[in-house]
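Comments concern the structure below.
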Amino acid sequence: MDRRKNDPLTDSLAEYLGATLHTRDEVLSRPCPIPAARGVYGWWFDALPSGAIDTSNCEKRDGLTLLYAGISPSRPPANGTAPSKQTIRTRIKNHYRGNAAGSTLRLTLGCLLATELGIELQRTASGKKRHFHQGESILSDWMSEHAFVSWVENAEPWILEDNLIENLDLPLNLAGNREHPFFATLSRARADLARRAEQAPTSGKLR
25 MDRRKNDPLT DSLAEYLGAT LHTRDEVLSR PCPIPAARGV YGWWFDALPS
75 GAIDTSNCEK RDGLTLLYAG ISPSRPPANG TAPSKQTIRT RIKNHYRGNA
125 AGSTLRLTLG CLLATELGIE LQRTASGKKR HFHQGESILS DWMSEHAFVS
175 WVENAEPWIL EDNLIENLDL PLNLAGNREH PFFATLSRAR ADLARRAEQA
225 PTSGKLR
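Counted from 1, the sequence shown has number 29 at position 5 by the working numbering; the numbering is strictly sequential.
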C-alpha cells in the first residue's frame with residue numbers, strides 16, 4: 025500500500041518529487057538559481073555509487089534515481105540556542121564544491137566511490153577533520169557528471185524531511201533511516217575509510 029495516499033503532506037511530497045532538476049554548472053552559475061531560503065532538496069543520479077544499492081523501490085524520473093534527501097537549516101536546537109541561519113543555497117553549493125569534512129553527502133559518495141575513483145579519506149594536519157584532499161576535485165568532477173539536485177522551499181524543512189525518510193526509499197540517508205536495508209553497508213563503508221584515515225599520515229589543510 026502506498027502510505028503517501030493517506031498522508032497529510034501528500035501535496036508537499038508531490039511538489040518535492042516534481043521539482044526542477046539542476047546540474048552542478050547551473051547551481052554554481054551567477055545568478056544562482058537556488059533561493060536563499062529554508063527548504064528541502066533531493067539528489068538524483070544517473071549512475072550509482074559502488075556498493076550493491078537496491079534501487080528497485082527508489083523514486084525515478086528522466087533516467088535518474090533519487091538516493092538522498094537533505095534540508096537547510098537543520099532542526100532548531102531543543103536547548104534554546106540560536107538556530108542555524110544556513111539556507112538551501114549555501115548548503116547545496118557546499119555539497120557540489122566543498123569537501124567531505126563539511127558535507128555528509130560528499131563523505132558518503134566518496135566512501136562508496138573510493139575504489140572506483142582512486143581516492144582516500146585523510147585526516148587534516150590537526151587530526152580533527154577528514155576529507156579526500158586531492159580527491160575532492162575528482163569527486164566534484166564525478167558529481168558534475170552524475171549528480172543532479174532539486175529543491176523546494178519549506179518553512180519547517182525538518183518536518184518534511186522526516187516524512188520523506190518515512191515514506192520514500194532513500195538509501196544514502198543515515199540519520200533517521202536505521203531500518204533501511206542499506207544502512208549497515210553504508211555505515212560500514214564509512215567506518216572502514218575512517219579507520220584507514222586514522223592509521224594513515226595526515227594531509228595538508230582543507231582546500
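Heads up, the beta-carbon is just placed ideally off N, CA and C, and yes, glycines get one too.
Residue i, enclosing beta strand (DSSP E) - first and last residue
| i | result |
| --- | --- |
| L91 | L88 to S96 |
| G104 | It is not in any beta strand (DSSP E) - G104 carries neither H nor E in the DSSP assignment. |
| F69 | G63 to F69 |
Through-space distance from residue j to residue i, alpha-carbon basis
| i | j | result |
| --- | --- | --- |
| T111 | P57 | 13 Å |
| A224 | A125 | 17 Å |
| E180 | R62 | 7 Å |
| L88 | T79 | 11 Å |
| D216 | T44 | 36 Å |
| S164 | L210 | 20 Å |
| G142 | P73 | 13 Å |
| S36 | I95 | 14 Å |
| R231 | H157 | Residue placement at R231 is flagged as unreliable, the pLDDT there being 47, under the threshold of 50; the coordinate-derived value follows with that caveat. When rounded, the distance between both Cα atoms is 7 Å. |
| T34 | I116 | 24 Å |
| V51 | A208 | 32 Å |
| K152 | A221 | 11 Å |
| G134 | T105 | 32 Å |
| W68 | H170 | 8 Å |
| N191 | A149 | 41 Å |
| N118 | L145 | 18 Å |
| I183 | V64 | 10 Å |
| D49 | R121 | 11 Å |
| E140 | A38 | 34 Å |
| Y92 | A199 | 11 Å |
| L90 | L194 | 7 Å |
| N178 | S53 | 23 Å |
| I189 | P55 | 31 Å |
| P107 | A60 | 16 Å |
| E203 | N197 | 11 Å |
| R147 | A213 | 17 Å |
| P205 | A76 | 11 Å |
Range covered by the alpha helix (DSSP H) that runs through residue i
| i | result |
| --- | --- |
| G300 | Summary: the structure shown does not reach residue 300, with the chain confined to residues 25 through 231, and so no result is reported for it. |
| D35 | T34 to L41 |
| I112 | I112 to R121 |
| E50 | R48 to V51 |
Proximity winner among the options, relative to residue i (alpha-carbon distances)
| i | options | result |
| --- | --- | --- |
| H46 | R154, G66 and R115 | G66 |
| R130 | E160, R113 and T34 | E160 |
| W175 | Y120, Q146, S108 and R113 | R113 |
| H155 | T128, A60, A213 and P55 | T128 |
| L136 | A218, A38, S53 and G42 | A218 |
| A71 | F172, K109 and G42 | F172 |
Open item on the list: Any contact between the segment 71-84 and the segment 94-101? By contact I mean 3 or more CB pairs, one from each, below 8 Å.
Closed with: no
Task: Contiguous alpha helix (DSSP H) assignments of at least 4 residues, all confined to the segment 170-221 - done: 181-191
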